[in-house]
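At position 455 of the sequence shown (counting the first as 1) the number is 454 in numbering that gives the first Met the number 0, and the numbers step up by one without a gap. Ideal placement from N, C-alpha and C gives every residue a C-beta, glycine not left out. Before any comments, here is the structure.
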Amino acid sequence: MSDLFNRLNQIAHNFWWSWQPEVMAIFRDLDPQLWTEVNHNPILLLKRLDNDTLTRRSREMAIESRVLYALRRLSEYLTGEGAYGRRHAGPLLARPVAYFSAEFGVHESLPVYAGGLGTLAGDHLKAASDLGIPLVGVGLFYVEGYFRQQIDEHGHQQEFYGETDVDLVPMRRAAGPDGKPLIVSVETPSGILQAGIWRTQVGRNDLVLLDSNVEGNSPEDRKLSARLYGGDDTVRLRQEILLGVGGLKALRALRLHPSVVHMNEGHSALAGLEAIRRRIEEDGVSFADACREVAIRTVFTTHTPVEAGHDRFKPELVEAHLGSLRESLGLSLPELLALGRVNPDDDEEKFCMTVLALKTSRLANGVSHLHGHVSRKMWQNLWPERPEREVPIGHITNGVHVLSWLAPQIHRLYERVLGPRWSHRMHDPDVWAGIDDIDDGELWEAHQVMRSRLVDFVRRRAGDERLLDPTALTLGFARRFATYKRATLLLGEEKRLDAIVNNPDRPLQILFAGKAHPKDEPGKSFIKRIHDLSRDPRFAGKIAFVEDYDIGVGRALVHGVDAWVNTPRRPMEACGTSGQKVVLNGGLNISILDGWWAEAYDGTNGFAIGSERTHADPEMQDQRDSEAFYSVLENEVVPAFYDRNDSGVPRAWVARMKRALVTLAWRFSADRMLIDYLQRMYLPAAGAISADRV
Ligand SMILES: *Cc1c(COP(=O)(O)O)cnc(C)c1O
Numbered sequence: 000m001s002d003l004f005n006r007l008n009q010i011a012h013n014f015w016w017s018w019q020p021e022v023m024a025i026f027r028d029l030d031p032q033l034w035t036e037v038n039h040n041p042i043l044l045l046k047r048l049d050n051d052t053l054t055r056r057s058r059e060m061a062i063e064s065r066v067l068y069a070l071r072r073l074s075e076y077l078t079g080e081g082a083y084g085r086r087h088a089g090p091l092l093a094r095p096v097a098y099f100s101a102e103f104g105v106h107e108s109l110p111v112y113a114g115g116l117g118t119l120a121g122d123h124l125k126a127a128s129d130l131g132i133p134l135v136g137v138g139l140f141y142v143e144g145y146f147r148q149q150i151d152e153h154g155h156q157q158e159f160y161g162e163t164d165v166d167l168v169p170m171r172r173a174a175g176p177d178g179k180p181l182i183v184s185v186e187t188p189s190g191i192l193q194a195g196i197w198r199t200q201v202g203r204n205d206l207v208l209l210d211s212n213v214e215g216n217s218p219e220d221r222k223l224s225a226r227l228y229g230g231d232d233t234v235r236l237r238q239e240i241l242l243g244v245g246g247l248k249a250l251r252a253l254r255l256h257p258s259v260v261h262m263n264e265g266h267s268a269l270a271g272l273e274a275i276r277r278r279i280e281e282d283g284v285s286f287a288d289a290c291r292e293v294a295i296r297t298v299f300t301t302h303t304p305v306e307a308g309h310d311r312f313k314p315e316l317v318e319a320h321l322g323s324l325r326e327s328l329g330l331s332l333p334e335l336l337a338l339g340r341v342n343p344d345d346d347e348e349k350f351c352m353t354v355l356a357l358k359t360s361r362l363a364n365g366v367s368h369l370h371g372h373v374s375r376k377m378w379q380n381l382w383p384e385r386p387e388r389e390v391p392i393g394h395i396t397n398g399v400h401v402l403s404w405l406a407p408q409i410h411r412l413y414e415r416v417l418g419p420r421w422s423h424r425m426h427d428p429d430v431w432a433g434i435d436d437i438d439d440g441e442l443w444e445a446h447q448v449m450r451s452r453l454v455d456f457v458r459r460r461a462g463d464e465r466l467l468d469p470t471a472l473t474l475g476f477a478r479r480f481a482t483y484k485r486a487t488l489l490l491g492e493e494k495r496l497d498a499i500v501n502n503p504d505r506p507l508q509i510l511f512a513g514k515a516h517p518k519d520e521p522g523k524s525f526i527k528r529i530h531d532l533s534r535d536p537r538f539a540g541k542i543a544f545v546e547d548y549d550i551g552v553g554r555a556l557v558h559g560v561d562a563w564v565n566t567p568r569r570p571m572e573a574c575g576t577s578g579q580k581v582v583l584n585g586g587l588n589i590s591i592l593d594g595w596w597a598e599a600y601d602g603t604n605g606f607a608i609g610s611e612r613t614h615a616d617p618e619m620q621d622q623r624d625s626e627a628f629y630s631v632l633e634n635e636v637v638p639a640f641y642d643r644n645d646s647g648v649p650r651a652w653v654a655r656m657k658r659a660l661v662t663l664a665w666r667f668s669a670d671r672m673l674i675d676y677l678q679r680m681y682l683p684a685a686g687a688i689s690a691d692r693v
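Here's what the structure looks like:
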């Protein structure tokens, strides 16, 4: 193996490369076509490149110096010199935050995520790394991941599963001092559940993933961690035991002693019970004292008002799988169940992981201003003596990891205009004020290039060169096809849609992508509806569905769309992050005033669909929102896009692009989010500053 090859491999083994445009460019330039074929996996790329090609390309590209420079930057980055956290993360520098999540979306080559929860967790890890906030991610290694999607000729979603080759992702098995793989064991009434531990580097921080496919487990348990959101309640509960209880044990096996445990969504709520068990068994404190102490160091983020998003298990199931833990806690079954019930005396009530998480953490938050309100209302019954506004659930609005979602071409533009150190201060509004110095024509030109790249991307994927028009107003909608997100809100009145899409001087086209959960028939029918319209002669080539949505597809879409459509049934969208990714690249949002958009929209930085009023009857609300959507398109969006000056620049549109960047990019960056978590959750939980309401 050549030195060059080894160095490239070294870079490929830290996901840091994935948010460094010039490092990514090294891999791409080695063989652009192969780079697409391997779905941007540098380890696979290096494996498939033969030595001669590598040598030839490295001569042609003067690659040596680029690789050496990248390696030097990586090692400088890893020292953490000058990072925000050095000055501000205090006690976390000695003991990190442990961030538990059922999904992590770091990159498309490690498919252990399904949607927004995962991409958020991935962005959380990356921003913590950039800021130098010590944080270790804890999750599960789903070797088959979430399903892959194809749409058949009838518009039906077909689901299939691939298998991640562990040699082709930057993971290594954690081993003990004796060199043997570390194994964690969790006692359950049906036997001991074991798991191996994988580690992967995300910049300065580690992601730890548990894998139940180890010898010694029963055949069912070996498959336990194979699929994300794929099993029944038993699988779900046992996966959550693995994540929460197993995850905490894995940290100890790795000699990581967190100062704070962050439970990202209720799936990991059992981490709290495991921590309580430890205090009781090892230090002999009472259950009540252990509970209180653990809660101080535990923080919890709730992510959805949708009922089905909150796991609830039957008492029999809880006893069948958590009986051993219950005994070590010294609790009777009703006492354990009470921890997961709003009303402890209600024998009918199931055991809810969100309730458990709220009861075992002192600081809790929703993920937008509006979602904070909705969550306080939703869980008020847990604090019957308090008025709603005093329910101890605050909010920290989600943000996105800027460098992961920013197109390289736009990145170069910012590098020049915002100053070379802009990316170290992207949570600072002053940095983004510099956007106003960009020439309108230049910004517009850069964006046009991005749109036409997106059109190429969709054509290539669909194998259809006639799809889409690279100059037409291009809308995008991509996210999970959960019904409350109402992907088809715009498709109700075909005549009106026809007039908008096929306006000869002012054409419009719409791209859709997203997966419906395999058991979600209504969600699948939305996909079919879009598919059918894309085959309708009136809309063929103008409405397109991009299959198998993942982080890579998401990146292509947010880089190139003119506007992003977001149509949840208010107030069901807790935050939504895809629209934030669009902003960074100069796209505009056309959105219901829900989630982040309810606090982001100021009348000048995008478009609102309808008002903040809701209707008690969901059908009425849908009708009203659909009408509002058509009307904003006809009266505001299309005119602003096509009203051009003598140089062909849509002045009013570009003004909105700039307003969006100046007012939103810093606020909805993951850096701002991490700093909020640090100051309002992590430092108080670590005992560094007194806890107030978030
Ligand atoms: C950003 C992202 C999401 C989240 O989209 P929402 O608008 O929050 O629903 C889901 N999936 C992928 C692949 C993403 O990149």
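DSSP three-state assignment for residue i, whether helix, strand or coil
i, result
"Phe26", "helix"
"Ser184", "strand"
"Ile10", "helix"
"Val201", "strand"
"Tyr98", "strand"
"Leu53", "helix"
"Ile437", "coil"
"Glu493", "helix"
"Ala287", "helix"
"Met571", "coil"
"Arg375", "helix"
"Ala695", "Any property of residue 695 remains undetermined from this structure, which presents the chain solely from 0 to 693."
"Phe103", "strand"
"Gly89", "helix"
Beta-carbon proximity list for residue i, same chain, < 6 Å, skipping 5 on both sides
i, result
"Lys580", "Val399, Trp404 and Val557"
"Asn644", "Arg650"
Whole-angstrom C-beta distance between residue j and residue i, which should lie under 8 Å
i, j, result
"Glu273", "Gly243", "6 Å"
"Ser323", "Thr233", "Actually they are not in contact, since the Cβ atoms of Ser323 and Thr233 sit about 16 Å apart, beyond 8 Å."
"Ala126", "Leu677", "Contact doesn't hold; Cβ gap of about 10 Å is too wide."
"Pro257", "Arg94", "6 Å"
"Val305", "Leu453", "Incorrect: roughly 30 Å between the Cβ atoms, too far for contact."
"Gly594", "Ser367", "5 Å"
C-alpha gap between residue i and residue j, whole angstroms
i, j, result
"Ile550", "Cys290", "39 Å"
"Gly283", "Glu326", "15 Å"
"Val693", "Ala684", "Because Val693 carries a pLDDT of 41, less than 50, the predicted location of this residue cannot be relied on, and the following value inherits that uncertainty. Cα to Cα, the separation comes out at about 11 Å."
"Asp129", "Tyr76", "8 Å"
"Arg276", "Ala562", "50 Å"
"His302", "Gly114", "12 Å"
"Gln508", "Lys541", "5 Å"
"Val631", "Arg465", "29 Å"
"Gly578", "Glu334", "44 Å"
"Leu488", "Ser625", "6 Å"
"Trp421", "Gly433", "10 Å"
"Arg85", "Thr396", "24 Å"
"Pro343", "Leu336", "7 Å"
"His423", "His320", "47 Å"
"Lys484", "Arg568", "6 Å"
"Val448", "Leu442", "10 Å"
"Val135", "Leu338", "27 Å"
Nonlocal neighbours in the same chain, by C-beta distance under 8 Å from residue i, ignoring five residues either side
i, result
"Arg221", "Ser211, Asn212 and Val213"
"Glu162", "Val142 and Glu143"
Own chain, CB closer than 7 Å to residue i, minus 5 neighbours either side, in chain order
i, result
"Glu318", "Leu332"
"Arg47", "Leu33 and Val37"
"Trp16", "Ile10, Val22, Met23 and Pro41"
"Gly245", "Val183, Val185, Ala194 and Leu209"
"Leu357", "Phe299, Ala363, Trp378 and Leu381"
Closer than 8 Å to chain D by CB, residue i
i, result
"Trp18", "No chain D appears in this structure, which consists of one protein chain only."
Residue i: CB within 7 Å of a non-hydrogen atom of ligand 2
i, result
"Thr301", "Ligands in the displayed structure: ligand 1; ligand 2 is not one of them."
Open item on the list: Under 8 Å, with one C-beta from each stretch per pair, do the region 511 to 531 and the region 653 to 673 reach the 3-pair mark?
Closed with: no
Open item on the list: Under 8 Å: do the region 447 to 465 and the region 537 to 545 share three or more Cβ pairs, one atom per stretch?
Closed with: yes
TODO: Could you say if the region 344 to 352 and the region 308 to 316 meet the contact criterion of at least three C-beta pairs nearer than 8 Å?
DONE: yes
Open item on the list: Three Cβ pairs or more, each shorter than 8 Å: is that satisfied between the region 234 to 253 and the region 192 to 212?
Closed with: yes
Open item on the list: When you compare the region 415 to 426 with the region 135 to 155, are there three or more beta-carbon pairs, one atom per stretch, that lie closer than 8 Å?
Closed with: no
TODO: Decide yes or no for the touch test of the region 46 to 65 against the region 100 to 117: beta carbon pairs closer than 8 Å, at least 3 of them.
DONE: no
Open item on the list: For the region 162 to 175 against the region 524 to 531, do three or more pairs of beta-carbon atoms, one drawn from each stretch, fall closer than 8 Å, so that the two count as touching?
Closed with: no
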